[in-house]
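Visitor: Per my numbering, the very first residue in the sequence shown carries number 1; after that it's consecutive. Quick reminder that beta carbons are idealized off the backbone N, C-alpha and C, glycines included. Just passing along the structure, written as structure tokens.
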Amino acid sequence: MRAAQKHPTIITLEPLFELAQKRVCQTPGDSLGRLCDQSCGPSPLSRIAHHTTPVLAGKYLDRMNEIMLRGLLAIVNDMDNDGTVDLNAWLRHAVTIASINATYGTLNPFKRRHIEDTFWKLQRNMSLLLANIVPWLIAPKAWNARKDLCAALKNYFDLGGHEDGSELIAMRYSSFLGAGLTHEEIAYSEIPLVVGLLTNTVPAAFWVHFELLSRPKLLG
């Protein structure tokens with residue numbers, strides 16, 4: 001780690017960006033080449049990564065947090081006080097909807113429960129896609145789930161849903177479009193972002209609530 005910190009201009013994440021774009025996003029060769037082109041400096045993929053921090057800070061982050069909290073409040077208020085709640089399933093749905101609404105705006109496809117479930121089906125089998133060994137054969141569930149999810153995201157971009165989304169989505173959309181990607185290719189390129197938004201947040205939320213609810217003294 002110390003060696004990496006002493007050589008920040010030598011250590012690069014470019015190979016990882018390209019690997020994820022190729023295996024997770026299935027970006028075609030020509031488009032992949034443009035996204036990874038370093039002939040004029042950092043590649044478009046690298047610039048997107050560096051431009052992510054500014055649009056997830058300050059007033060932009062405040063706006064996303066406000067939207068997310070309003071969404072969570074609505075979900076909590078809709079709870080059935082008399083029934084039994086599957087804590088993991090409820091938190092997964094609540095975090096998914098609130099996070100995606102705050103990021104992608106009112107036209108996001110995750111408002112359809114089928115699309116939400118499709119993402120989690122994809123997430124459970126993501127490692128098989130990363131292996132990239134005839135994935136349509138060894139990981140048909142993940143392959144088809146990604147196809148369905150990306151079709152919904154393509155429709156989102158076709159309808160201009162990104163215009164009501166966060167600054168993060170506006171930046172990513174303009175960057176990918178500037179690199180010559182089609183709406184379908186941009187939709188596939190959103191998979192890593194959605195994975196990053198949800199995959200760690202949901203289990204973290206579950207264990208925080210589990211620890212709190214299992215300690216009566218903390219609730220008293």
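Determine, using beta carbons only, whether Q123 and V55 come nearer to each other than 8 Å.
Guide: no
Visitor: Given a cut-off of 8 Å, decide if T96 and E116 are closer than it, judged by their beta-carbon atoms.
Guide: yes
Visitor: Kindly confirm or deny that the stretch 145-165 and the stretch 179-186 touch, where touching means at least three C-beta pairs closer than 8 Å.
Guide: yes
Visitor: Excluding sequence positions up to five away, which residues of its chain have a Cβ less than 6 Å from the Cβ of F119?
Guide: If we look at F119 and ignore the five residues flanking it on each side, its Cβ neighbours are L149.
Visitor: Flag this pair as yes or no: are the beta carbons of L87 and H162 separated by less than 8 Å?
Guide: no
Visitor: With a Cβ-Cβ cutoff of 8 Å, do T106 and D164 count as a contact?
Guide: yes
Visitor: Could I get the ranges of all uninterrupted alpha helix (DSSP H) runs contained in the stretch 106-137, with 4 residues as the minimum, in chain order?
Guide: 113-124, 126-131
Visitor: Rounding to the nearest angstrom, what Cα-Cα distance links K59 and E167 in this structure?
Guide: Looking at the two C-alpha atoms, the distance is approximately 10 Å.
Visitor: Can you tell me whether N108 sits near the ligand GTP, meaning its C-beta is under 7 Å from at least one heavy atom of the ligand?
Guide: This structure lacks the ligand GTP, and indeed carries no ligand of any kind.
Visitor: Count the C-beta pairs between the stretch 65-77 and the stretch 29-37 that are closer than 8 Å, then say yes if the count reaches three, no if not.
Guide: With fewer than three CB-CB distances shorter than 8 Å, the stretch 65-77 does not count as touching the stretch 29-37.
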